[in-house]
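Residue numbers (this note's numbering): 490 to 883. All C-beta atoms, glycine included, are put in the ideal place defined by N, C-alpha and C.
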Ligand code: NAD
């Protein structure tokens, strides 16, 4: 009998035969899922488990059937079963929910967007030594300029806010400004950094770097840095040490901080000096895609949105409408997100099997078109054939 994953005392309890909800997604989502599902099932089976994927409607399919992009039943299933996997959802154009993805993250309080970035040998990269990259980005998912607090120039709300700022706070604003607010709280910043440090401890990572723009935005980004160091000191004092206090013999995890613009340069010049990154929303958004580009792009980098005892694993790319139904899209991002999900369940052995099988197939020169077209010596294969090859060597 398939069972539910549960949470007790903040700990995830995963049976050997869990039910995992799936949102197949729009565009290339269903064809990618059809390729990835048997690989995840086989990896679970080979390591002595059985995973029961249960599809729930969302996106265009749900809209056509229920007149709703995200039926309540689907949201409930994601909540109730704790761990799920989803394909890309197109953002409905005109009215309704601003973005289904953002809505799901907010509704489930998935406060960290987690992106592991490491290079698979053979994948074309724009940098000379992509193998030096081995980072995991923890991007705060709920606050910052992404909170949606902004008002258009000339609107009555913007005018009212501008007047308040001019009169009450003596802010010299030019006429008719568009305005946005960047809220950042101690609670949200600390829980994000806490999760990053816990990951570093669990995975024996050498450092956690707080990436911020606190030199300019002192009370938001600067506070993120301060709160980050505070969490490290008060909650993980035995396991971490600030970079400024580190002695050569100290083997604790080093807590560093870097200003965001410098960090972009560091990721190109000295990527091997960084391991886990914790950063506010906007910096994290930019950094995640810039780093994904270094290891082969959107088709191959995995992702997850994680909260406390709840997580949704998802490919980092969108619906790729131009490749829909063409048996062309790269399933690796979704597959590696699935492998990350298996790690999260505590099934790291199954995750390892998948990563090895994917590297083996790529090592033999087989790649989907997005990568193969960059390498004359590669053999291009379609989505399905690529998945079959992975399944064969698993
Ligand atoms: P996209 O990620 O779909 O496409 C960007 C580029 O990458 C395109 O050239 C596309 O063909 C290519 N690409 C994407 N995935 C690929 C894959 N697996 N293999 C090979 N090539 C791939 O982004 P977009 O075009 O900006 O957005 C299309 C739709 O997806 C929009 O409705 C957007 O809102 C949505 N979207 C959803 C998510 C999500 O569900 N998390 C993320 C991003 C965009």
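Compare the beta carbon distance of residue i and residue j with 8 Å and say whether it is the shorter of the two.
i	j	result
residue 720	residue 679	yes
residue 602	residue 796	no
residue 788	residue 739	no
residue 851	residue 609	yes
residue 575	residue 514	yes
residue 701	residue 748	yes
residue 820	residue 578	no
residue 689	residue 697	yes
residue 777	residue 604	yes
residue 857	residue 802	no
residue 614	residue 785	yes
residue 760	residue 617	no
residue 781	residue 717	no
residue 662	residue 651	yes
residue 550	residue 509	no
residue 589	residue 558	yes
residue 804	residue 814	no
residue 744	residue 723	no
residue 524	residue 876	yes
Where do the N-terminal and C-terminal ends of the alpha helix (DSSP H) with residue i fall, by residue?
i	result
residue 636	That residue, residue 636, is in no alpha helix (DSSP H); it is neither H nor E in DSSP.
residue 830	821 to 833
residue 618	It is not in any alpha helix (DSSP H) - residue 618 carries neither H nor E in the DSSP assignment.
residue 851	837 to 852
residue 874	872 to 882
residue 593	589 to 596
Does the Cβ of residue i have 16 or more other Cβ atoms within 10 Å, making it buried, or fewer, making it exposed?
i	result
residue 751	exposed
residue 630	buried
residue 528	buried
residue 883	buried
residue 545	buried
residue 637	exposed
residue 736	exposed
residue 611	buried
residue 635	buried
residue 713	buried
residue 553	exposed
residue 826	buried
residue 832	buried
residue 643	exposed
residue 469	Look at the range of the chain in this structure, 490 to 883, and you will see that residue 469 is not part of it.
residue 561	exposed
residue 709	buried
residue 726	exposed
residue 667	exposed
residue 754	exposed
residue 653	exposed
For residue i, report the span of its beta strand (DSSP E) as first-last.
i	result
residue 893	Since the displayed the chain opens at 490 and closes at 883, residue 893 lies outside it and no answer follows.
residue 857	It is not in any beta strand (DSSP E) - residue 857 carries neither H nor E in the DSSP assignment.
residue 698	696 to 701
residue 574	572 to 575
residue 867	No beta strand (DSSP E) contains residue 867, which DSSP labels as neither H nor E.
residue 579	Element bounds for residue 579: n/a, residue is neither H nor E.
residue 705	Segment: none, residue 705 is in no beta strand (DSSP E) and carries neither H nor E.
residue 601	601 to 607
Just list the beta strand (DSSP E) runs in the region 498 to 528, keeping only unbroken ones of 3 residues or longer that don't cross its boundaries, in chain order. 500 to 502 and 508 to 512
Kindly provide the ranges of any beta strand (DSSP E) runs that are 3 or more residues long and lie completely inside the region 752 to 813, ordered along the chain. 765 to 768, 793 to 795 and 800 to 803
Note down, one range per segment and in chain order, each alpha helix (DSSP H) of at least 4 residues found wholly within the region 642 to 685. 645 to 658
Quick check on the DSSP output: what are the complete beta strand (DSSP E) runs of length 3 or more inside the region 719 to 747, in order along the chain? 729 to 731
Ignoring anything shorter than 4 residues or poking outside the region 534 to 568, list the alpha helix (DSSP H) runs there in chain order. Counting only runs of 4 or more, we get 549 to 555.
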